[in-house]
Amino acid sequence: MLATGVAGLLSISAAALFSFSLLSRMVERMVSLSVGILLSTSLLHSLPEAFESKADPRSLFATLLAGLFAFFLLEKMAVLRHSHHHEGDGHGHEHGHDRHEAGRSGWMILIGDGLHNFTDGILIAAAFLADPRLGLVTALAITAHEIPQEVGDFIVLMNAGFSRTRAYVYNLVSSAMAVLGGLLGYATLGHGTHWIPYVLVLASSGFIYIAVSDLMPQMQRRATLRNTVPQVLLIATGVAVVLLLTQLTSHLP
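To convert, count from 1 in the sequence shown and add 21; that's the numbering used here.
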């Protein structure tokens, strides 16, 4: 519990410090960095890890499809609820920034991050059950790898209209899923670890859906070459950061 809690607190606090101090004035531009981080975390880290397990690939692909459809339905319900809430209020909401509408991606990123943190907790618990030293190394590795992803999450939340305080508090609540995953992993003594690939795929489906359906369309509204070059460079930076940390942590004992 201590390892999972501290790992979550450290990664979120480091990401918040970086995001709020350096990126708060450039949230719209940093959306591109978030796209690179979310897609590379899902496609180059989480999904390969899931498919390298003994789980049936067809079942994993079915889980990915179900996850994408589930996040589509979550967004659809948020859209319908928002439309009903403002129906007949005499205000036009089709122009400009609408925090209620943009907030959909914020809530979805929290759900996806919560699932991802849950699997991290199970992995840390399994490592501690094998060897306490391995558990400490695993917790440190997960903390280091989570920082860029949490930076991406903060960017999405601020872009969705969340205040700094709300973004930090909700990310802390999401990180508590790691403690829950750690408790479950410890209680089941490793017998429940076969669910990890499926939870990883579900979390990845959320990250992919948010990046492709919400963030990338925002970027496409700025179609000039002057805007496109920084977008491409920031996406590549996000991918490079995730690849570098994945490479570094993969060599840890």
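Glycine residues also receive a C-beta, built at the ideal position from the N, C-alpha and C atoms.
Taking the C-alpha atoms as reference points, what is the distance between residue 35 and residue 173?
-> 12 Å
Are there 16 or more other CB atoms within 10 angstroms of the CB of residue 167, so buried, or fewer, so exposed?
-> buried
What's the C-alpha gap between residue 314 and residue 70?
-> There is simply no residue 314 to check, as the chain begins at 22 and stops at 274 in what is shown.
By how many angstroms is the C-alpha of residue 185 removed from the C-alpha of residue 150?
-> 37 Å
Residues near residue 37 in its chain [Cβ-Cβ closer than 7 Å; skip 5 each side] = 175, 189
If we ignore side chains and look at the alpha-carbon of each, how far apart do residue 51 and residue 95 end up?
-> Cα to Cα, the separation comes out at about 25 Å.
Alpha helix (DSSP H) containing residue 186: first to last residue?
-> 185 to 208
Out of 238, 140, 127, 86, state which residue places its alpha-carbon closest to the alpha-carbon of residue 204.
-> For residue 204, the closest alpha carbon among the candidates 238, 140, 127, 86 is that of 140.
By DSSP, does residue 245 sit in helix, in strand, or in coil?
-> coil
Quick one: using the 10 Å Cβ neighbour count with 16 as the cut-off for buried, is residue 164 buried or exposed?
-> buried
Residue 244 burial status per 10 Å Cβ neighbour count (16 or more: buried) = exposed
Proximity to residue 29 [Cα-Cα], best of 135, 246, 83 | 135
Give the range of the alpha helix (DSSP H) segment to which residue 70 is assigned.
-> 68 to 72
How long is the line joining the alpha carbons of residue 103 and residue 25, rounded to whole angstroms?
-> A caution first: residue 103 carries a pLDDT of 47, below 50, which makes its placement in the model unreliable, though a value can still be read off. Cα to Cα, residue 103 sits roughly 36 Å from residue 25.
Specify, as a first and last residue, the run of the alpha helix (DSSP H) that residue 228 falls within.
-> 217 to 231
If we ignore side chains and look at the alpha-carbon of each, how far apart do residue 225 and residue 64 end up?
-> If you take the alpha carbons of residue 225 and residue 64, they lie about 8 Å apart.
C-beta atoms of residue 89 and residue 230 nearer than 9 Å = Yes, Cβ-Cβ distance for residue 89 and residue 230 is below 9 Å.
At which residues does the alpha helix (DSSP H) containing residue 29 begin and terminate?
-> 23 to 39
What's the gap between the Cα of residue 216 and the Cα of residue 85?
-> Straight-line Cα distance between these residues: approximately 14 Å.
Tell me whether residue 116 is buried or exposed, calling it buried when 16 or more other Cβ atoms sit within 10 Å of its Cβ.
-> Confidence at residue 116 is low in this model, with a pLDDT of 39, below 50, so its placement is unreliable and the value that follows should be read with caution. Residue 116 is exposed by the Cβ-count criterion.
Buried versus exposed call for residue 252 [16 or more other C-beta atoms within 10 Å across all chains shown] = buried
Return yes when the Cβ of residue 54 is within less than 9 Å of the Cβ of residue 178, no when it is not.
-> no
Indicate whether residue 58 and residue 260 have their beta-carbon atoms separated by less than 9 Å.
-> Their beta carbons are under 9 Å apart, which means residue 58 touches residue 260 by this criterion.
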